[in-house]
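In what follows, a structure is listed as structure tokens, so that the remarks can point back to it.
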Amino acid sequence: ETGVTQTPRHLVMGMTNKKSLKCEQHLGHNAMYWYKQSAKKPLELMFVYSLEERVENNSVPSRFSPECPNSSHLFLHLHTLQPEDSALYLCASSQAGLGLHNSPLHFGNGTRLTVT
Amino acid sequence: AQTVTQSQPEMSVQEAETVTLSCTYDTSESDYYLFWYKQPPSRQMILVIRQEAYKQQNATENRFSVNFQKAAKSFSLKISDSQLGDAAMYFCAYRSGDGGSQGNLIFGKGTKLSVKP
């Protein structure tokens, strides 16, 4: 039990498919994150939802669409992806707010996405 | 913009020995936080240790300790009495101390640590 649960663990999809990644946190945190982890590259922040405010990374293509219906759930909707989008997608949560900047991120096990 | 550099793509250590992983960062901020995360084959990123920049004392967590050199912008991780379970990717991460970063962590590329029995 990690506290942050991601499903599915593995996903193979074609470039014309539409799929969604799901993340759920059971830690009572109020901030959630999507990171992309590609080989030989640092983890890249994609999206943050913090205190109900969405912070968007402008370099993320529109074929990735996040959704955060409440503080415990986070989705990443995928459509018309490219092979270079194949990567490990990690979800994380933390407690955000004044005086809490040393609060660590808690990560899920990730979804290994392969785009064919 | 802040950057984090891990100059050692791979490291190896003998079981029960000590190993040090290097990390340097670049920032113009005076208030920030530094972290080391471990990612075993299970893929989950696990917090190993954290350091507040305003604290002069180096953080320690059991067999894990850091050497924080603020002036040099260096934040190395020392693992003592290495165990087979320590084998993993280790990531150094930076978090701004201001309120505008949304708590985002900036990661280095990681160091793959192997432990030889």
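Chains as they are written, first to last, in our numbering: chain A, 20 to 135; chain B, 3 to 119. Where is the CB? At the ideal position from N, CA and C, for every residue including glycine.
TODO: Assign residue 123(A) to buried or exposed, taking buried as 16 or more other Cβ atoms, counted over all protein chains shown, within 10 Å of its Cβ.
DONE: buried
TODO: Can you tell me which of 63(A), 46(A), 43(A), 56(A) puts its alpha carbon nearest to the alpha carbon of residue 2(B)?
DONE: Outside the displayed range of chain B (3 to 119) lies residue 2(B), so it cannot be described from this structure.
Task: Selection of the stretch 29 to 52 of chain A by Cβ proximity to chain B, strictly under 8 Å - done: 50, 52
TODO: Please confirm whether residue 107(A) and residue 45(B) have their CB atoms less than 8 Å apart.
DONE: yes
Open item on the list: Could you check whether residue 72(B) and residue 22(B) sit closer than 8 Å to each other, using their CB atoms as the reference points?
Closed with: no
Open item on the list: Please report the straight-line C-alpha distance between residue 19(B) and residue 118(B), rounded to a whole angstrom.
Closed with: 10 Å
Task: Continuous beta strand (DSSP E) assignments of at least 3 residues falling wholly in the stretch 53 to 86 of chain B - done: 66 to 71, 76 to 81
Open item on the list: Suppose the cutoff is 7 Å on Cβ atoms and the five residues either side in sequence are ignored; what does the same chain contact list for residue 88(B) look like?
Closed with: 81, 115, 117
Task: Element boundaries [beta strand (DSSP E), containing residue 95(A)] - done: 92 to 98
TODO: Verify the CB distance criterion: does residue 67(A) have a CB-CB separation below 8 Å to chain B?
DONE: yes
- [ ] Within the same chain, show all residues whose beta-carbon is closer than 6 Å to that of residue 27(B), passing over the 5 residues directly before and after it, in chain order.
- [x] 6, 75, 96
Task: Any C-beta of chain B under 8 Å from that of residue 93(A) - done: no
Task: Where residue 119(B) falls: helix, strand or coil (DSSP) - done: coil
- [ ] On the DSSP bridge assignment, give the partners of residue 37(A) in chain order.
- [x] 98(A)
Task: Beta-carbon neighbours of residue 128(A), restricted to chain B and to distances below 8 Å - done: 44, 45, 46
Task: Per DSSP, the bridge partner or partners of residue 11(A) - done: Outside the displayed span of chain A (20 to 135) sits residue 11(A), for which this structure offers no information.
Task: CB contact check: residue 132(A) to chain B, cutoff 8 Å - done: no
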